[in-house]
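Peer 1: Here this note's numbering is used: the first residue of the sequence shown is 1, the next is one more, and so on. I am attaching a structure below and will ask some questions about it afterwards.
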Amino acid sequence: MSFIIKLHPESDLTTGQVQTIIDQFNNKGELIGDGKRNVIKIIEVEGIKYNVKSFKIPNIFNKIAYKFLRKGKAERSFEYASKLKTMDILTPDPQAYVIEESFLFRRSFYISKQLDYDFTIRKMVDDPNCDEFENVVRAFTRFTFNLHEKGIHFIDHSPGNTLIKKNGEHYLFYLVDLNRMNFGTLDFSTRIKNFARLSAPDKMLEVMSDEYSKLINQPKAEVFKLMKHYADTFRNKLLRKKRLKKRLKI
Numbered sequence: 001m002s003f004i005i006k007l008h009p010e011s012d013l014t015t016g017q018v019q020t021i022i023d024q025f026n027n028k029g030e031l032i033g034d035g036k037r038n039v040i041k042i043i044e045v046e047g048i049k050y051n052v053k054s055f056k057i058p059n060i061f062n063k064i065a066y067k068f069l070r071k072g073k074a075e076r077s078f079e080y081a082s083k084l085k086t087m088d089i090l091t092p093d094p095q096a097y098v099i100e101e102s103f104l105f106r107r108s109f110y111i112s113k114q115l116d117y118d119f120t121i122r123k124m125v126d127d128p129n130c131d132e133f134e135n136v137v138r139a140f141t142r143f144t145f146n147l148h149e150k151g152i153h154f155i156d157h158s159p160g161n162t163l164i165k166k167n168g169e170h171y172l173f174y175l176v177d178l179n180r181m182n183f184g185t186l187d188f189s190t191r192i193k194n195f196a197r198l199s200a201p202d203k204m205l206e207v208m209s210d211e212y213s214k215l216i217n218q219p220k221a222e223v224f225k226l227m228k229h230y231a232d233t234f235r236n237k238l239l240r241k242k243r244l245k246k247r248l249k250i
């Protein structure tokens with residue numbers, strides 16, 4: 001078995017160090033999350049912490065697609081992170097991606113610098129009564145508007161995928177889980193639909209729609225109505241999915 005290793009030009013790692021990380025991945029590092037789907041670990045190399053994501057081995061159809069038709073998740077994550085940095089959008093510093101070579105696509109890894117952050121946007125979704133709620137939500141909305149203005153459609157714009165660091169009175173937003181992104185002009189409907197995966201409570205939708213309507217110069221009532229429609233549609237879709245899974249297990 002051999003590996004394709006691609007380093008970022010500004011990576012602190014060497015090819016040999018990346019190979020060692022992959023060779024020892026199963027036995028070293030601090031596991032983040034439950035590891036049921038993708039396995040994410042924090043691994044330290046010469047006093048520096050790295051976030052190493054091992055993507056789930058794809059099914060046979062995706063194995064063929066990733067081998068012959070399109071780039072795999074690790075490669076896309078690496079390339080999108082590199083592109084975001086050039087566009088002045090924050091994301092943990094990309095270091096490398098690795099693809100395990102075989103007849104068909106197998107394992108792949110994306111490595112970035114581990115980021116120390118204060119919370120994710122999920123805190124606002126789960127606790128609309130927290131002290132920082134309105135300031136954070138308005139700042140997050142402005143951040144999202146900036147993405148849209150730059151032609152960045154972050155498809156997985158969900159609660160756990162925006163890391164937030166406090167910087168005095170300001171907030172810095174970092175995007176993670178980058179393998180699904182599009183670049184190009186976003187129409188009004190696509191912009192508002194991009195908030196749906198947050199599954200935000202109405203209080204949060206009220207603040208986001210108020211802030212976004214000012215930025216895009218559209219009536220708040222129209223923005224709120226569309227934002228709530230997309231949020232409810234996404235939430236109902238998730239509920240149907242859960243019910244179906246429950247029935248299938250039974």
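Just so you know, even glycine gets a beta-carbon here, dropped at the ideal spot from N, CA and C.
How far does the beta strand (DSSP E) with residue 196 in it extend, from its first residue to its last?
Peer 2: Residue mapping note: residue 196 aligns to position 196 of the sequence shown, counting from 1. Premise fails: residue 196 is in no beta strand (DSSP E) and is neither H nor E.
Peer 1: Per DSSP, residue 32 is paired with what?
Peer 2: Sequence index remark: in the sequence shown, residue 32 carries index 32 (1-based). Looking at the DSSP assignment, residue 32 forms a beta bridge with 40.
Peer 1: When we look at the beta-carbon of residue 75 and count the other beta-carbons within 10 Å, is it buried (16 or more) or exposed?
Peer 2: Locating residue 75 in the sequence shown gives position 75, counting from the first residue. Residue 75 is buried by the Cβ-count criterion.
Peer 1: What residue from 41, 183 and 215 has the CA that sits closest to residue 109's CA?
Peer 2: Mapped onto the sequence shown, residue 109 falls at position 109. Residue 41 is the option with its Cα nearest to residue 109.
Peer 1: Decide if the stretch 124-138 is in contact with the stretch 196-209; the criterion is three or more beta carbon pairs, one per stretch, under 8 Å apart.
Peer 2: yes
Peer 1: Out of 186, 154 and 132, point me to the one whose CA is closest to residue 168's CA.
Peer 2: Here residue 168 is taken as the residue at index 168 of the sequence shown, counted from 1. Nearest option by C-alpha distance: 132.
Peer 1: Would you mind working out which of 138, 43, 246 and 159 sits nearest residue 251, comparing C-alpha positions?
Peer 2: Shown here, the chain extends from 1 to 250; a query on residue 251 therefore has no answer.
Peer 1: Figure out for me which residue from 93, 71, 39 and 31 has the closest Cα to the Cα of residue 13.
Peer 2: Sequence index remark: in the sequence shown, residue 13 carries index 13 (1-based). Checking every option, the nearest Cα to that of residue 13 belongs to 93.
Peer 1: If you drop the 5 nearest sequence neighbours on each side, which residues of the same chain put their C-beta closer than 7 Å to that of residue 220?
Peer 2: As a first step, residue 220 is located in the sequence shown; it is residue number 220 there, counting from the start. Here the set comprises 209, 210 and 213.
Peer 1: Looking only at C-alpha atoms, which of 117, 183, 240 and 215 sits nearest to residue 81?
Peer 2: As a first step, residue 81 must be located in the sequence shown, where it is residue number 81. The residue with the shortest Cα to Cα distance from residue 81 is 183.
Peer 1: With a cut-off of 8 Å, does the C-beta of residue 136 fall near any C-beta of chain D?
Peer 2: Reference to chain D is not applicable here, since this structure consists of a single protein chain.
Peer 1: Tell me which same chain residues have a C-beta within less than 8 Å of the C-beta of residue 3, skipping the five on either side of it?
Peer 2: Residue numbering aside, residue 3 sits at position 3 when the sequence shown is read from its first letter. Around residue 3: 19, 22, 98, 99, 100 and 101.
Peer 1: Here's a check: name, in chain order, each residue in its chain whose Cβ is nearer than 6 Å to the Cβ of residue 49, leaving out the five neighbours to either side.
Peer 2: Along the sequence shown, read from residue 1 onward, the residue named residue 49 stands at position 49. Correct list, in chain order: 42 and 114.
Peer 1: According to DSSP, residue 50 sits in a beta bridge with which residue or residues?
Peer 2: Along the sequence shown, read from residue 1 onward, the residue named residue 50 stands at position 50. By DSSP's assignment, residue 50 forms a beta bridge with 43 and 113.
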